[in-house]
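All remarks here apply to the structure that follows.
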Amino acid sequence: MANEELHETDSNDQKDWQDEVTAKDTDGDKTTDGTEAAEDENYGVDMDQVQAVLNSTADKSTMTPQMQRMMSRQEENTRRVEETIKGTKSNPRWFVPVFCAFMIIGLIWCVVYYLSPAGAWPIPNIGAWNLAIGFALIMIGFLMTMGWR
1 MANEELHETD
11 SNDQKDWQDE
21 VTAKDTDGDK
31 TTDGTEAAED
41 ENYGVDMDQV
51 QAVLNSTADK
61 STMTPQMQRM
71 MSRQEENTRR
81 VEETIKGTKS
91 NPRWFVPVFC
101 AFMIIGLIWC
111 VVYYLSPAGA
121 WPIPNIGAWN
131 LAIGFALIMI
141 GFLMTMGWR
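Residue numbers for the sequence shown follow the UniProt record's numbering, so the first one is 1 and each next one is one higher.
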(Lines of atoms letter the chains of each structure in order from A and count residues from 1; the text may use other names and numbers.)
(Lines give C-alpha, C1' and ligand atoms only; values in the text may rest on other atoms or scores of the structure.)
Protein backbone atom coordinates (compact mmCIF):
# COMPACT_ATOMS: atom_id res chain seq x y z
CA MET A 1 0.00 0.00 0.00
CA ALA A 2 2.71 2.46 1.00
CA ASN A 3 4.75 1.46 -2.01
CA GLU A 4 1.83 2.21 -4.33
CA GLU A 5 1.34 5.65 -2.74
CA LEU A 6 5.01 6.56 -3.20
CA HIS A 7 5.07 5.61 -6.85
CA GLU A 8 1.73 7.11 -7.83
CA THR A 9 2.04 10.19 -10.01
CA ASP A 10 -0.58 12.52 -11.20
CA SER A 11 0.04 12.96 -14.90
CA ASN A 12 -2.06 16.14 -14.99
CA ASP A 13 0.13 17.80 -12.34
CA GLN A 14 3.24 16.78 -14.23
CA LYS A 15 1.93 18.17 -17.52
CA ASP A 16 0.98 21.46 -15.85
CA TRP A 17 4.45 21.79 -14.36
CA GLN A 18 6.07 21.14 -17.75
CA ASP A 19 3.80 23.71 -19.41
CA GLU A 20 4.76 26.31 -16.78
CA VAL A 21 8.47 25.71 -17.34
CA THR A 22 8.21 26.04 -21.11
CA ALA A 23 6.06 29.16 -20.79
CA LYS A 24 8.67 30.78 -18.51
CA ASP A 25 11.47 29.90 -20.94
CA THR A 26 9.75 31.43 -23.95
CA ASP A 27 8.52 34.55 -22.16
CA GLY A 28 11.72 35.32 -20.26
CA ASP A 29 14.00 35.99 -23.23
CA LYS A 30 11.90 38.64 -25.00
CA THR A 31 13.38 42.05 -25.73
CA THR A 32 11.52 45.34 -26.10
CA ASP A 33 10.88 44.84 -29.81
CA GLY A 34 9.46 41.31 -29.28
CA THR A 35 12.44 39.31 -30.61
CA GLU A 36 14.20 36.75 -28.48
CA ALA A 37 17.61 37.62 -27.11
CA ALA A 38 20.44 35.17 -27.73
CA GLU A 39 22.53 36.14 -24.72
CA ASP A 40 22.92 32.54 -23.60
CA GLU A 41 24.32 31.51 -26.96
CA ASN A 42 26.96 34.20 -27.58
CA TYR A 43 27.74 35.34 -24.01
CA GLY A 44 27.53 39.02 -24.89
CA VAL A 45 30.11 38.77 -27.72
CA ASP A 46 29.25 39.42 -31.34
CA MET A 47 29.62 36.09 -33.16
CA ASP A 48 30.67 37.85 -36.38
CA GLN A 49 33.62 39.28 -34.49
CA VAL A 50 34.53 35.82 -33.12
CA GLN A 51 34.33 34.35 -36.62
CA ALA A 52 36.59 37.13 -37.92
CA VAL A 53 39.12 36.30 -35.21
CA LEU A 54 39.06 32.62 -36.10
CA ASN A 55 39.52 33.45 -39.78
CA SER A 56 42.32 35.94 -38.95
CA THR A 57 40.54 38.81 -40.69
CA ALA A 58 39.81 40.95 -37.65
CA ASP A 59 41.28 44.35 -36.87
CA LYS A 60 43.52 43.76 -33.85
CA SER A 61 43.21 47.33 -32.57
CA THR A 62 39.46 46.96 -31.97
CA MET A 63 39.61 43.58 -30.24
CA THR A 64 39.37 42.90 -26.55
CA PRO A 65 42.42 41.33 -24.85
CA GLN A 66 40.55 38.04 -24.61
CA MET A 67 39.92 37.99 -28.35
CA GLN A 68 43.55 38.94 -29.04
CA ARG A 69 44.67 35.95 -26.94
CA MET A 70 42.22 33.73 -28.79
CA MET A 71 43.57 34.93 -32.13
CA SER A 72 47.19 34.36 -31.08
CA ARG A 73 46.30 30.84 -29.86
CA GLN A 74 44.61 30.14 -33.19
CA GLU A 75 47.71 31.32 -35.10
CA GLU A 76 49.96 29.17 -32.88
CA ASN A 77 47.77 26.09 -33.42
CA THR A 78 47.73 26.66 -37.17
CA ARG A 79 51.53 27.00 -37.21
CA ARG A 80 51.95 23.76 -35.21
CA VAL A 81 49.63 21.82 -37.48
CA GLU A 82 51.45 23.08 -40.58
CA GLU A 83 54.83 22.08 -39.10
CA THR A 84 53.48 18.64 -38.20
CA ILE A 85 52.16 18.12 -41.71
CA LYS A 86 55.51 19.18 -43.22
CA GLY A 87 57.42 16.73 -41.01
CA THR A 88 55.16 13.78 -41.78
CA LYS A 89 56.80 11.15 -43.92
CA SER A 90 54.72 8.75 -45.91
CA ASN A 91 55.43 5.50 -47.69
CA PRO A 92 55.41 5.18 -51.46
CA ARG A 93 52.21 3.96 -53.08
CA TRP A 94 53.60 0.48 -53.74
CA PHE A 95 54.44 -0.24 -50.08
CA VAL A 96 51.03 -1.49 -48.86
CA PRO A 97 50.34 -3.75 -51.87
CA VAL A 98 53.82 -5.29 -51.55
CA PHE A 99 53.53 -6.22 -47.86
CA CYS A 100 49.99 -7.52 -48.41
CA ALA A 101 51.26 -9.58 -51.34
CA PHE A 102 54.07 -11.07 -49.21
CA MET A 103 51.60 -12.17 -46.55
CA ILE A 104 49.10 -13.61 -49.04
CA ILE A 105 51.76 -15.42 -51.09
CA GLY A 106 53.23 -16.89 -47.90
CA LEU A 107 49.81 -18.11 -46.83
CA ILE A 108 49.10 -19.62 -50.24
CA TRP A 109 52.57 -21.26 -50.21
CA CYS A 110 51.81 -22.99 -46.89
CA VAL A 111 48.31 -24.05 -47.95
CA VAL A 112 49.58 -25.50 -51.25
CA TYR A 113 52.25 -27.47 -49.36
CA TYR A 114 49.66 -28.93 -46.98
CA LEU A 115 47.17 -29.79 -49.74
CA SER A 116 49.69 -31.28 -52.17
CA PRO A 117 50.07 -35.08 -52.20
CA ALA A 118 53.05 -36.02 -50.00
CA GLY A 119 54.29 -32.38 -49.93
CA ALA A 120 55.35 -32.42 -53.56
CA TRP A 121 54.49 -28.77 -54.28
CA PRO A 122 55.39 -25.81 -54.44
CA ILE A 123 59.06 -26.90 -54.58
CA PRO A 124 59.53 -30.67 -54.84
CA ASN A 125 62.16 -32.57 -52.84
CA ILE A 126 62.68 -29.96 -50.07
CA GLY A 127 59.86 -31.28 -47.90
CA ALA A 128 59.01 -29.23 -44.81
CA TRP A 129 61.31 -26.40 -45.91
CA ASN A 130 58.34 -25.29 -48.00
CA LEU A 131 56.68 -24.34 -44.70
CA ALA A 132 59.76 -22.36 -43.69
CA ILE A 133 59.63 -20.48 -47.00
CA GLY A 134 55.90 -19.75 -46.55
CA PHE A 135 56.33 -18.53 -42.99
CA ALA A 136 59.35 -16.43 -44.02
CA LEU A 137 57.24 -14.70 -46.66
CA ILE A 138 54.50 -14.06 -44.10
CA MET A 139 57.03 -12.66 -41.61
CA ILE A 140 58.53 -10.36 -44.24
CA GLY A 141 55.03 -8.96 -44.81
CA PHE A 142 54.44 -8.49 -41.08
CA LEU A 143 57.83 -6.83 -40.58
CA MET A 144 57.01 -4.44 -43.42
CA THR A 145 53.82 -3.42 -41.60
CA MET A 146 55.96 -2.00 -38.78
CA GLY A 147 57.42 0.54 -41.19
CA TRP A 148 54.04 1.60 -42.54
CA ARG A 149 53.24 5.32 -42.04
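Note that beta-carbon positions come from the ideal geometry of N, C-alpha and C, so glycine has one too.
Assuming residue i and residue j form a contact by the criterion Cβ under 8 Å, report the distance between their Cβ atoms to the nearest whole angstrom.
| i | j | result |
| --- | --- | --- |
| Leu131 | Tyr113 | 6 Å |
| Lys60 | Gln68 | 6 Å |
Decide if residue i is buried, meaning its Cβ has at least 16 other Cβ atoms within 10 Å, or exposed.
| i | result |
| --- | --- |
| Phe99 | buried |
| Arg149 | exposed |
| Met146 | exposed |
| Met139 | exposed |
| Trp129 | exposed |
| residue 194 | Shown here, the chain extends from 1 to 149; a query on residue 194 therefore has no answer. |
| Gly141 | buried |
| Gly44 | exposed |
Judging by CA-CA distance, which residue of the options is the nearest neighbour of residue i?
| i | options | result |
| --- | --- | --- |
| Thr62 | Glu75, Glu76, Gln74, Asp46 | Asp46 |
| Gln51 | Pro65, Met71, Gly44 | Met71 |
| Ile133 | Pro117, Met103, Leu115, Pro65 | Met103 |
Rounded to the nearest angstrom, what separates residue i and residue j at their Cα positions?
| i | j | result |
| --- | --- | --- |
| Glu83 | Arg73 | 15 Å |
| Trp88 | Arg80 | At residue 88 the sequence reads Thr, which differs from the Trp that was named. Spanning the two alpha carbons is a distance of roughly 12 Å. |
| Gln49 | Lys86 | 31 Å |
| Ile105 | Phe95 | 15 Å |
| Gly127 | Val111 | 14 Å |
| Leu143 | Pro122 | 24 Å |
| Phe135 | Asn77 | 46 Å |
| Pro92 | Leu107 | 24 Å |
| Thr64 | Ala101 | 59 Å |
| Ala120 | Ser90 | 42 Å |
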